[in-house]
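> Quick one: structure below, then a few questions.
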Amino acid sequence: MSTILIIEQVLNGLQFGVMLFLMAAGLTLIFGVMGLINLAHGSLYMTGAFAAAVTAAATGSFLMGLAAALAAAALAGALVELLVIRRLHDKDHLDQVLATFALILIFSEGTRWLYGSFPLYLDIPAALSGPVTLPGGIQYPLYRLTLIGIGIGVALALWGLIARTRLGIRIRAGENDREMIAALGVDISRLYTLVFALGAALAGLAGALVGAIQSVQVGMGEPVLILAFVVIVIGGIGSIKGAFVGALLVGLTDTLGGIFLPELFKLVMEPARATSLGASLASMAIYVLMAAVLIWRPTGLYGARV
């Protein structure tokens, strides 16, 4: 196995990880502040991807597509919070799960009604197409490098928002004692709507960015949602830092496991069987990682100890 292949797969893992972070960050914010299990978060990811694809096709501008993805996902998130989620704050988690699962079906059928059942495609902008030469003569797609940079930039901006602004103080206070900040005059309903819209916008941004390297289709958000839940369990619920570290671990484990495990099994068995077994175990690797982290730290890497 060549060094160039390993470096390329590490970069692929980082790119996958930062995209998972955009999903997981919104999910962990919503759960941390509102205590809500939002199964419809993947539908907001899909909403952003479709909005970006349709807008970019109509205007010829990838940036307009990104702006449309952010706006559409944030608006959809705000409407969902106002019309549905607000009625579930005092309900138990089972009611929240059932209601948000129903939203998945509504989003899926609504998207199919609006855009049809065939996938859409979002072109990579010309300025970011093609490879770039890295040190050592490694050729790597410029767009994927840009995704890594965007993900890291969003992580830093989100950290600054949470740690350095008045809104961030309210969000952190809402995670710890909602009743107290409401008693101090903070409009908790408006805070919930804002947090939900922010989380939805992050999911929509992830959908739009990934939509340029895979097809945009109905149901594309659910597999990513499962991985986002794995990320926040590993990182610790309510922790942005945990979501970032957990996303990178999941991205690297999933990507590198797919190349190292088959090669490892080829040392002891025939290549065809080794490839099949290695690929099967690689798909389980992230769940093994999650189990190992929970055995070591039941609250996740950066979750608050009770």
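For the sequence shown, counting from 1, position 245 maps to 226 in this note's numbering; every step adds exactly one. Backbone N, C-alpha and C fix where the C-beta goes; we use that ideal spot for every residue, glycine too. Computed from a predicted structure; not experimentally measured.
Is threonine 236 helix, strand or coil by DSSP?
On the sequence shown, position 255 is the one that residue 236 refers to. Residue state, collapsed to three classes: helix.
> Excluding five sequence neighbours on each side, which residues of the same chain lie with their C-beta closer than 8 angstroms to the C-beta of glutamate 62?
By one-based count along the sequence shown, residue 62 stands at place 81. Only Tyr173, Thr174, Phe177, Ala178 meet the Cβ criterion.
> Tell me which residue opens and which closes the alpha helix (DSSP H) that proline 204 is part of.
Against the sequence shown, residue 204 aligns to sequence position 223. Segment 202 to 216, the alpha helix (DSSP H) holding proline 204.
> Runs of 3 residues minimum, wholly inside the stretch 95 to 142: which ones carry the beta strand (DSSP E) assignment?
The stretch 95 to 142 contains these whole beta strand (DSSP E) runs: 112 to 115, 119 to 122.
> What residues are listed by DSSP as bridge partners for valine 197?
Locating residue 197 in the sequence shown gives position 216, where the first residue counts as 1. Valine 197 is bridged to Leu101.
> Express the C-alpha separation of threonine 114 and glycine 180 in angstroms, rounding to a whole number.
As a working mapping, residue 180 is identified with position 199 in the sequence shown. As a working mapping, residue 114 is identified with position 133 in the sequence shown. Cα to Cα, glycine 180 sits roughly 35 angstroms from threonine 114.
> Would you decide whether alanine 83 is buried or exposed? Buried here means 16 or more other CB atoms lie within 10 Å of its CB.
Here residue 83 refers to the residue found at position 102 of the sequence shown. Classification of alanine 83: exposed, given that the 10 Å Cβ count is below 16.
> Could you check the C-alpha separation between alanine 273 and leucine 245 for me, to the nearest Å?
Translated into positions along the sequence shown, residue 273 becomes position 292. Translated into positions along the sequence shown, residue 245 becomes position 264. If I take the Cα positions, the gap works out to 21 angstroms.
> Between valine 231 and valine 214, is the Cβ-Cβ spacing less than 8 angstroms?
Residue numbering aside, residue 231 sits at position 250 when the sequence shown is read from its first letter. Residue numbering aside, residue 214 sits at position 233 when the sequence shown is read from its first letter. For valine 231 and valine 214, no; Cβs fall outside 8 angstroms.
> I need the DSSP call for threonine -16, collapsed to helix, strand or coil.
As a first step, residue -16 must be located in the sequence shown, where it is residue number 3. Helix.
> What do you get for tyrosine 124, buried or exposed, if any count of 16 or more other CB atoms within 10 angstroms of its CB means buried?
Stepping through the sequence shown from its first residue, residue 124 is reached at position 143. Buried.
> Please check if any C-beta of chain D sits within less than 8 angstroms of the C-beta of alanine 253.
The structure shown has no chain D; it contains just one protein chain.
> From serine 257 to alanine 224, what distance separates their C-alpha atoms?
Position 276 of the sequence shown holds residue 257. Position 243 of the sequence shown holds residue 224. Whole-angstrom Cα-Cα distance: 31 angstroms.
> Would you identify the three-state DSSP class for histidine 70, choosing helix, strand or coil?
Here residue 70 is taken as the residue at index 89 of the sequence shown, counted from 1. Reduced to three states, the DSSP call for histidine 70 is coil.
> Suppose only complete runs of 4+ residues qualify. What are the alpha helix (DSSP H) ranges in the stretch 9 to 79, listed by chain order?
Runs found: 22 to 40, 43 to 64.
> Tell me, please, whether the stretch 2 to 11 touches the stretch 180 to 189 by the rule of three or more beta-carbon pairs shorter than 8 angstroms.
Result yes; three or more Cβ-Cβ pairs closer than 8 angstroms.
> Once DSSP output is grouped into helix, strand and coil, what is the label at methionine 250?
Sequence index remark: in the sequence shown, residue 250 carries index 269 (1-based). The answer is coil: DSSP assigns methionine 250 none of H, G, I, E or B.
> Taking all protein chains shown into account, do 16 or more other C-beta atoms lie within 10 angstroms of the C-beta of serine 276, making it buried, or fewer, making it exposed?
Here residue 276 refers to the residue found at position 295 when the sequence shown is read from its first residue. In the sequence as presented, serine is not what sits at residue 276; that position holds isoleucine. By the neighbour-count rule (16 or more Cβ atoms within 10 Å), isoleucine 276 is not buried but exposed.
> Kindly indicate the opening and closing residues of the alpha helix (DSSP H) around serine 170.
Position 189 of the sequence shown, counting from 1, holds the residue named residue 170. Here the alpha helix (DSSP H) through serine 170 covers 169 to 191.
> Within the same chain, show all residues whose beta-carbon is closer than 6 angstroms to that of leucine 17, passing over the 5 residues directly before and after it, in chain order.
In the sequence shown, residue 17 corresponds to position 36, counting from 1. Around leucine 17: Ile11, Gln77.
> Under a three-way DSSP split, which group does arginine 289 fall into?
One cannot answer for residue 289 here, as it falls past the ends of the chain, which runs -18 to 287.
> Quick check: glycine 141 and isoleucine 218, are their CB atoms within less than 8 angstroms of each other?
For the purposes of this step, residue 141 is taken as residue 160 along the sequence shown, with counting starting at 1. For the purposes of this step, residue 218 is taken as residue 237 along the sequence shown, with counting starting at 1. The answer is no: Cβ separation not under 8 angstroms.
> With distances taken from CA atoms, which of Gly13, Leu(-5), Asp73, Asn(-7) is nearest arginine 159?
What you label residue 159 is simply residue 178 of the sequence shown in a count that begins at 1. The candidate whose alpha carbon is nearest that of arginine 159 is Gly13.
> Let's test the definition: count the other Cβ atoms within 10 Å of the Cβ of arginine 151 and tell me whether it reaches 16, buried, or not, exposed.
One-based indexing of the sequence shown puts residue 151 at position 170. Buried: at least 16 other Cβ atoms inside 10 Å.
> Looking at the structure shown, is valine 287 part of a helix, part of a strand, or coil, going by DSSP?
Sequence index remark: in the sequence shown, residue 287 carries index 306 (1-based). With a pLDDT of only 46 at valine 287, under 50, the local geometry of the prediction cannot be trusted, and no value is derived from it.
> Under 7 angstroms Cβ to Cβ from leucine 103, same chain only, skipping five residues before and after it: list those, please.
What you label residue 103 is simply residue 122 of the sequence shown in a count that begins at 1. Only Ala33, Ala34, Ala37, Gly46, Gly192, Ala193, Val197 meet the Cβ criterion.
> Taking DSSP as the reference, what is the three-state secondary structure of glycine 166?
Indexing the sequence shown from 1 puts residue 166 at position 185. Correct three-state label for glycine 166: coil.
> Do isoleucine 221 and leucine 139 have their C-beta atoms within less than 8 angstroms of each other?
Walking along the sequence shown from the start, residue 221 turns up at place 240. Walking along the sequence shown from the start, residue 139 turns up at place 158. In contact: isoleucine 221 and leucine 139 (Cβ atoms closer than 8 angstroms).
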